[in-house]
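What follows is a set of notes on a single structure, which appears directly below.
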Amino acid sequence: MSRLAGSRAWASFAWIAPLNGRILFGGGLVLLIVFIAAAAPLLATHDPLRVQMSMRLMPPSADNWLGTDNNGRDIYSRIVHGARVSVVVGMAVVILTTVIGTFIGLVSGYFRRLDGPLMRFMDALMSFPSILLAIAIVAALGASIQNVVIALTVSFIPHTARVVRGKVLSVREETFVESARAIGLGDWLIIKRYILPNVMAPLMVQATFILALAIIAEAGLSYIGAGTPPPQPSWGNILSDGRAYLHNAWWMTTFPGLFIMISVLGLNIMGDGLRDKLDPRMEAGR
Amino acid sequence: MAEPQELVRVTGLKKHFPLTSGVFRRTVGAVRAVEDVTLSIRKGETLALVGESGCGKSTTGRLLLRLIEASAGELMFDGQDIRTLDRRALRTLRRDMQIIFQDPFSSLNPRMRVCELIAEPLKFHQLARGRAEVEAEVDHLMNIVGLAPSHRDKFPHQFSGGQRQRIGIARALAVRPRFIVCDEPISALDVSIQAQVINLLAQLQQDFGLTYLFISHDLSVVRYVSDRVAVMYLGRIVELADTAALFEEPRHPYTAALLSSIPVPDPSLERKDRVILTGDVPSPSNPPSGCPFHPRCVHAQAICRQEVPALRTVARGSGRPGQVACHLAEDLDLQGIPTTEASA
Amino acid sequence: MTAFILRRLLGTLPIVLIVGIITFFLVQLSPGDPAMFYVSADAPPQEIERVRTQLGLDQPVIQRFGFWLGEVLQGNLGISFHQNRPVLTGFLDALPVTLWLAFFSLVIALVVGIPVGLLSALRPNGLVDKFSTVFALIGMSMPNFWLGMLLVLLFAITLGVMPAQGYDPTSFWTGFRSLLLPAITLGYSQAALVARMTRSSMLEVMRQDYVQTARAKGLRTPVVLGKHAFGNALNPIVTVIGLAIGSLAAGSAVVEVVFNLPGIGRLVVDSVMRRDYPMIQGILLLTAGMIIVINLLTDLLYAIIDPRIRYD
Amino acid sequence: MTDSSQQKQDQTRRTVLAVDNLQTRFMSRGPALKAVDGVSFSIGEGETVALVGESGCGKSVTAQSLLRLISPPGQIVGGHIYLEGDDLMTRSQSEIEDIRGNRAAMIFQEPLTALNPIMTVEKQLAEVLHRHHPQRRKEARAQVLDMLQKVGIPDPEGRLRAYPHQLSGGMRQRVMIAMALLSNPRLLIADEPTTALDVTIQAQILELMRNLCSQMGTALLLITHDLGVVAEMADRVIVMYAGRVVEEAPVRTLFAQPAHPYTRGLIQSTPNLATHQGQLVAIPGLVPTLADLGDVQGCKFAPRCSMATDKCRSEDPPLQTLGPDRAARCWYADEVMQTVSAQA
Amino acid sequence: ATCEGVYGGELSIAGPLSLVTLDHMAITSEPTAPRNAVYEQLVALDANLVPQPALATSWETSDDGLTWTFELREGVRFHNGQELVAEDVVASWERYSEVGARRFELEDIDRVEAIDDRTVAIHLSNPYGALLESISAMSGAWAIMPANIARELGTTRADRAEQVVGTGPYKVHTIVPEGRTTLRRFDDYTMHEGEASYNAGARCAYFDQVTYTHISDPSTRVAALLAGEIDLAIQVPGDEADRLINANHTQVVPTSPGARVYFKFNVAEGPFADYPLLRDAVRAGLDTEELMAGFGPSDYWRANNTPRFQEPQWPWIDQSHHFPQDMDLAQQLVDESGYQNEPIRFLVVPGGATGWEKAPAMDQYLRDLGLNVRMESLDGATFGSVRQNLSSWEIKGAGGGSLVGLRYLDASGVDRNGNPWPNLPDGWHDVLERALNTEGQEARAAAAEEFYELHAEFNNELWTGDVFFIVGANSNLRNIATDDSTASFWNIWREE
Ligand SMILES: Nc1ncnc2c1ncn2[C@@H]1O[C@H](COP(=O)(O)OP(=O)(O)OP(=O)(O)O)[C@@H](O)[C@H]1O
Ligand SMILES: Nc1ncnc2c1ncn2[C@@H]1O[C@H](COP(=O)(O)OP(=O)(O)OP(=O)(O)O)[C@@H](O)[C@H]1O
Ligand SMILES: [Mg+2]
Ligand SMILES: [Mg+2]
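Chains as they are written, first to last, in the working numbering: chain A, -17 to 268; chain B, 45 to 388; chain C, 50 to 361; chain D, 15 to 358; chain E, -10 to 485.
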């Protein structure tokens, strides 16, 4: 009895065993960044907004681990707090994109009548280079974290919708869907129990890559001034501040860039691993 | 002996899938997957539907279950016209008729455990209430199809083809149907496993009084399982007869050719006068005029090119009944497969 | 084939219309007042009003949309607020820089990406593959504007061998020189993508039966890989290249800002900052149009590569 | 292969292929999978040898190993392959490439995927000639046309510019055969050439192969899991189970008097058109996967064998010579033969 | 004046603003130096902001102050070879009265009349004491262009090279909007008398060709200068100056006056209107010295450690209301003001002198005072419209050029819809009127002083200092004007 219970308990962790090294390594990096974002107030050594003109452009030191910026603010603390923006924006974009994109993809893949109009609309959105579209949306709505999320969500939705729709189109042709129909299940039940679970794999991979893209895009938008508005630190606007001090304060550009790269690298590695694990045939979702 | 009752009767069943093409995706034609099929299935019997790939067997099976809508024709199940049923009635009908699929690899939702797969129809149709009752019923069904109870919590990919097919059968049986369409249930399996599944199906038929429409492209399998056989060619039934009659005395040149093409696992058997058909099966989107088989038929006459032969009752030497759709049925001397005593 | 092309062309019409609607209303949503850019910081209200009338901003939005659509259909994208000349002219002035940049980065992406992808597909998990995996992962993970800054720091500021910014159109060579760093910046991540896609597509194809057939025919390995495998692996590679061209042709906004290149991306960013509505609308519409055309060409290319698509 | 049978063959006809203790493994995380585990056999000129067995038993891997087409993680780890006396295992990669498609050719199961979808029929055929017999384009084309005619393709001129997807399944397989026979190979390896085809088409293709091979004196290694095909085509049969040869016999002997319980089970579970209908006798249990077999002690078939004794479960039987041309890997081969005779 | 430098060569200038047009009348937002090199006006300001003769050699005012008569310089030719006559001045005015960006400053001009070829009369409807200052504005200015071109253009903008015809030392060669604009020396240029001083005096066009390119990013401009891609970089940030000084082929030239750095309180609504003492609290709470440190080493800025509302650049400007930093006082003022922790929205626009550079520091001071402040960064266009809504902000960054016409002061008493600001002191308009219309500098100064007394009470500005514009240049360039923040280039030459 106890042996049985034990094996049951282990069974629920069985998914860990086949996780490959890449998922663990990439996931570890991502978790690290998420941890930094969550524990930012604890990890930060300074108030990220604290201006101290006398301390401007100080190189890395024991007090300011990663140096200070042109307003004498502590780069390390700003980066640590900036992680929050990246994580929050990234997560929000991923969740919204996935929820909305999945809904659109499911509906248009499953109910063929809606397919035409919905996909034309997605095609139209996809015809804009996503960064330009995001810039235009942020410009239209004003630069704020919330609007960055909206802009990126709008520009990424079609990608998720397409992936989901493609998968739905193939899943709905599988005989197990027909077997569900033979039992008498209705469309929404079939979508819920048959289509959705089978779309999850590519969706998770896609979500990982979207998260990576969203982090880069947020930084890019902030970099050109169409993203997170100051004084709120974000990796992009720290980099943007640093642009003017490229030659005399390398630490202003190097460190935030490194953080972006590490988190995106983590996501990409994890996404690659997930893709190989879940859906070896899927193409890069970009 | 009383005339066996009909469970299913279809008349003039048609299914055309539209073909689109061109700039505006206009409908330019149709795949005539099923073209004027009339047949009936008696309670408790196994009717086999054979034919080469693409001839419309699966489509017919699906039409019978109303998994797809027919383009034309009448569909009676147990005396009830099921083409007019609304959603709710159709749902109840699903309890009476089920289907087993060919591909045991794609016919089970890979994200569901065996117990969920089997319990789903039970719960959906409220055939078992409460957790305990459902579990008991699932165990019972697994037992019936010969799956060990220890497999309850496994996923389909952890099973071999034959075991998966058993899961599919259990799922179909769960609603306690009267009629099951078996759509090539064994053709994806290894020989040694095929026999297991065939025997299981036969056992179940006996135990539960099931009626089967057994779809297959393999006439040698059909000989073991069916009471009557319908041979399809390009969406039409070309011959329908009792199994033994059909094998021994084919009346349609296509049936004869089919029989003659099948390799027999017996090297001692000398087969003379093998009919090897020339050419391929024509496309159902562009069927030939007249008798669909005439381009490949060595006996074809002028009339065959012009008129579609009707399925009609034709007498056989042995007096056994059967229907054939061939203009020349009476005039042809076709070779069947005489039943030899088994050497093994 | 003609029907195929025609069908694809017609299929894009609704997309183009939706693109137009999105474009116009997106831009008109902007809360800012473009008139503010054409008066001095403390100009009085009459002045602002005059500019608003002059820019046609006093009309209701729907009316402006109808008017704009009519004009666009006649090929007239309007007059840029800021440049005071046809949007198309401004766009075309900025286009060459962006196209050259796209071209050079694409060359880098292909010249680096395809061989690297092929080599790593040849020996999966071999040394080359491991190296190129790291190369590609880093390429896909580096924000390209950061890479651009690092390149400027290294080659322009520290070593002083390359121009830090700007586009010098004096001759092909000066142009090439000014686009080299930006092209590397953009090309690297694209090369990484192309390499990954080439690799996975080749691995996929090399599992196929016809590659086995080709080997069973006794064909030499280079022929098997080059003719049988690569030909079939091309479709997904073409997809990535199509996407790359699309994103290069207009999506290089940030890199153009980093390197101060007077291209389309820069023009968009600047126009957005100035609320130059006609210009933003025009660029969004034209770039979307370009991408639609690129997609069309990609589809045609698929059809050329793969007869199964051609004969539908 | 036993000494005596080898001798006998040398007397009757020249040996084209001799395989000696071939071992092919797939390297995996765990222990290496022994996909082909010490297989030996030979084929003479003009002879057709059938290799039968259920899925996963190593038929295809054997075939690929013969032309050294195994790629990582697979690896041939031992044995010799003699093609007309040359040991292919000692040849360089480039020499092997000269032999492939030239002295030994191969055709595959699924003709749609085995033909390159983006090259015309002509290119794919001409390629073989260019590779092995460089010559002028015109001559090559004439030769290609001639071959297409031989394999019975109507309107060969017209088909030259066709792409594989524009041909029917039967046509594709004919093209595959044409491609394989173009340079007049001494050995043709056909890996389930008709499994994907309809019976009527299968009959055409088998007939074609039989005719061409006998015309050209080509040795044919026919891989199949269909005992019917075996009975119709083969001179001798090799039965494989779990990567090993379990029985080898001339075709008639094999069917009349199988010496291995597995062979017997296969025959009994195969539906036979010509014999009395009745219950098929299934082999119990599952078709094993290689990974499962790692820990099976003794005879690999023992878990499914009704005659298995403790000896079977602990000691692995060798391939015993039972007579001229006959061998079986069973401790109780004699008894098996006797029970079958008794039944008959 | 004599031109003693070396002639020849090409000068490549990069500035932060893009250049799409050289229409001197219509535009205020683009680089001014190229336009001032092409066009000239009747009078020009010198470094002391005193109008000096330019195209007009002399002028006189009628006794009623309603007619001003200008003598035109002789022999002046336009770039197209036509000779300057009075009719050109009239036609230019007519166009300017239609499209002139600052024509509201000249609303009092009734008409402009050509008395004869050499004489022009300006007829005013009201006396306007600051007429000369207003007609010598350096941007959005009444530029003199050939009559036929002025009429032909009408209200359309002069964007194409052939439409841009002036009398200045350089003429337009090509205009590539947002790209590269090229000027060439005008050989028939007629020199003005006097030492070169700001926009006035002699102009010697030494270079054969001058190109202007737009590099918005300051550090990129510096990099380009260091790399030798350009000769002259306008507006180098103070932090970058050292690099140019340390490099052996570049130099820096700090020019003053530069930009004023100031903030504006919303005195119509919200806490700063309700609690006037709060404004003083902010003034006292600022360490301008530290605030200005954001502009780099102190060589390049001048802090006003006693923030006031105006700089005494004009003789009549007030010197009072000083607040040296005193945190205790500031805190005390906050407490006394009655401030109840109402939210204070601090609008910032990037790029401006008080933009992202200094805004964080200002934000910090306000927080240090315990104000419930929220900084909002907006882009230019949004900023432009948001600031009009007086209930959408409490304090905003401002800043800009140092020259403030009196008309602006007038305008600063009304909101964007032309309504007078609430709480405007009584008599505001009367005094302003007098300050504008009084003859003679002395008298005007007196009236202005009275006006600024009132203004101080209403005071919505918070000036913290000046930033010098630093010009970065190749070290072989000579004669770069130190009194000109716009980096005029007409007297610069290159030493071999
Ligand atoms: N959904 C569909 N849309 C269009 N054509 C279809 C569809 N389903 C089936 N067909 C066509 O209808 C014809 C009959 O198909 P069906 O699946 O019934 O054949 P089958 O006899 O079951 O063949 P197989 O032995 O290969 O299973 C085929 O030509 C097929 O291509
Ligand atoms: N590339 C591979 N990697 C790992 N294992 C392989 C590979 N190819 C084949 N195998 C294993 O080798 C064994 C023999 O495979 P093979 O393809 O020869 O079987 P087969 O007898 O041809 O079966 P079928 O009738 O299904 O074609 C199988 O168990 C399979 O799992
Ligand atoms: Mg079927
Ligand atoms: Mg095989």
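Glycine included, every Cβ here is placed at the ideal spot set by N, Cα and C.
The alpha helix (DSSP H) spanning D:E171 covers which residue range? From DSSP, the alpha helix (DSSP H) with D:E171 extends over P170 to R173.
At least three beta-carbon pairs within less than 8 Å, the stretch 159 to 171 of chain E to the stretch 95 to 106 of chain E: Contact between the stretch 159 to 171 of chain E and the stretch 95 to 106 of chain E is absent: fewer than 3 CB-CB pairs across the two stretches fall below 8 Å.
Bounding residues of the beta strand (DSSP E) (the contiguous stretch that carries D:L31): Segment T29 to F40, the beta strand (DSSP E) holding D:L31.
I need the residues with a C-beta less than 6 Å from some heavy atom of ligand 1; please give them in chain order. Ordered along the chain, residues surrounding ligand 1 are B:F61, B:V75, B:A77, B:G95, B:S97, B:G98, B:C99, B:G100, B:K101, B:S102, B:T103, B:H261 and B:P328 [Cβ under 6 Å from any heavy atom].
Verify the CB distance criterion: does C:L268 have a CB-CB separation below 8 Å to chain D? At least one chain D Cβ lies under 8 Å of C:L268.
For C:G291, which residues from the same chain have a beta carbon less than 7 Å from its beta carbon, with the 5 sequence-adjacent residues on both sides left out? Cβ neighbours of C:G291 beyond the five flanking positions: I343, N344 and T347.
Just by C-beta distance, which residues in the stretch 155 to 184 of chain B are closer than 8 Å to chain A? Cβ proximity to chain A below 8 Å picks out R155, M156, E164, P165, F168 and H169 from the stretch 155 to 184 of chain B.
What is the DSSP secondary structure of E:F298, reduced to helix, strand or coil? Only weak support is given to the placement of E:F298: the predicted model assigns it a pLDDT of 38, under 50, and the value that follows is read from those uncertain coordinates. Note: E:F298 maps to coil in three-state DSSP.
Using 8 Å as the threshold, is the stretch 251 to 268 of chain D in touch with the stretch 281 to 290 of chain B, meaning 3 or more CB pairs across them? Contact between the stretch 251 to 268 of chain D and the stretch 281 to 290 of chain B is absent, because fewer than three Cβ pairs lie under 8 Å.
Shorter than 8 Å from the beta carbon of A:L221 to some beta carbon of chain E? Not an interface residue.
What is the residue span of the alpha helix (DSSP H) that E:A212 lies within? P207 to L215 is the extent of the alpha helix (DSSP H) around E:A212.
For C:Q77, which of A:R163, A:Q34, A:I119 and A:M182 has the nearest alpha-carbon? The alpha carbon of C:Q77 has as its nearest neighbour, out of A:R163, A:Q34, A:I119 and A:M182, the alpha carbon of A:I119.
Nonlocal neighbours in the same chain, by C-beta distance under 6 Å from E:V271, ignoring five residues either side: Cβ neighbours of E:V271 beyond the five flanking positions: none.
Does the structure place the stretch 273 to 285 of chain C close enough to the stretch 185 to 192 of chain C that three or more beta carbon pairs sit under 8 Å? With fewer than three CB-CB distances shorter than 8 Å, the stretch 185 to 192 of chain C does not count as touching the stretch 273 to 285 of chain C.
Measuring alpha carbon to alpha carbon, tell me which residue in E:E485, E:E484, E:L367 and E:W479 is nearest E:L172. For the residues E:E485, E:E484, E:L367 and E:W479, the minimum Cα distance to E:L172 belongs to E:W479.
If we ignore side chains and look at the alpha-carbon of each, how far apart do E:R405 and A:L48 end up? Because the pLDDT of E:R405 is 40, which lies under 50, any placement of that residue in the model is unreliable, and the number read from its coordinates should be weighed accordingly. One C-alpha to the other measures close to 46 Å.
Is E:S309 buried or exposed, if buried means 16 or more other CB atoms sit within 10 Å of its CB? Low confidence applies here, because E:S309 scores a pLDDT of 44, under 50, leaving its location unreliable; read the following figure in that light. Answer is exposed; the Cβ neighbour count stays below 16.
So that I know if they touch, is there some Cβ in chain C lying closer than 8 Å to that of A:D105? Any Cβ of chain C closer than 8 Å to the Cβ of A:D105 would place that residue at the interface, and such an atom is present.
Beta-carbon neighbours of B:E292, restricted to chain D and to distances below 7 Å: What B:E292 touches in chain D: nothing, since even the nearest Cβ is about 11 Å away.
Per DSSP, what kind of secondary structure is D:C71 in: helix, strand or coil? Of the three classes helix, strand and coil, the one that applies to D:C71 here is coil, per DSSP.
Going along chain A in order, which residues have a C-beta closer than 7 Å to the C-beta of C:L186? The answer, in chain order, is L247, N250 and I251.
Beta-carbon within less than 7 Å of E:A387's beta-carbon, same chain only, minus the 5 sequence neighbours each way: which residues are those? Cβ within range, chain order: Y251, F252, K253 and T343.
Check the Cβ-Cβ distances between D:C326 and every residue of chain C, and say whether any is below 8 Å. Answer no: the Cβ-Cβ gap between D:C326 and chain C never drops below 8 Å.
Exposed or buried, which one is D:K73 when buried takes at least 16 other CB atoms within 10 Å? That one is buried.
Leaving out five residues before and five after E:V393 in sequence, what residues of the same chain have Cβ atoms less than 6 Å from its Cβ? Note that E:V393 has pLDDT 46, beneath the 50 cutoff, so the model's placement of it is unreliable and the number below is only indicative. Apart from sequence neighbours up to five positions away, no residue of its chain approaches E:V393 with a beta-carbon distance below 6 Å.
What is the DSSP secondary structure of B:N243, counted as helix, strand or coil? Of the three classes helix, strand and coil, the one that applies to B:N243 here is helix, per DSSP.
Spatial distance of E:Q299 from A:S245 (CA atoms): Only weak support is given to the placement of E:Q299: the predicted model assigns it a pLDDT of 41, under 50, and the value that follows is read from those uncertain coordinates. Going by the C-alpha atoms only, they are around 50 Å apart.
Taking only beta-carbon atoms, is B:F145 less than 8 Å away from chain A? Residue-level contact check: B:F145 touches chain A, since one or more beta carbons of chain A fall below 8 Å from its beta carbon.
Of the residues that make up the stretch 226 to 244 of chain D, which ones have a beta carbon closer than 9 Å to any beta carbon in chain B? Within the stretch 226 to 244 of chain D, those residues whose Cβ lies closer than 9 Å to any Cβ of chain B are, in chain order, H239, D240, L241, G242, V243 and V244.
With 16 other Cβ atoms within 10 Å as the buried cut-off, status of D:G166: Answer is buried; the Cβ neighbour count reaches 16.
Beta-carbon gap between D:I110 and D:A233 smaller than 8 Å: Result no, Cβ atoms of D:I110 and D:A233 do not sit closer than 8 Å.
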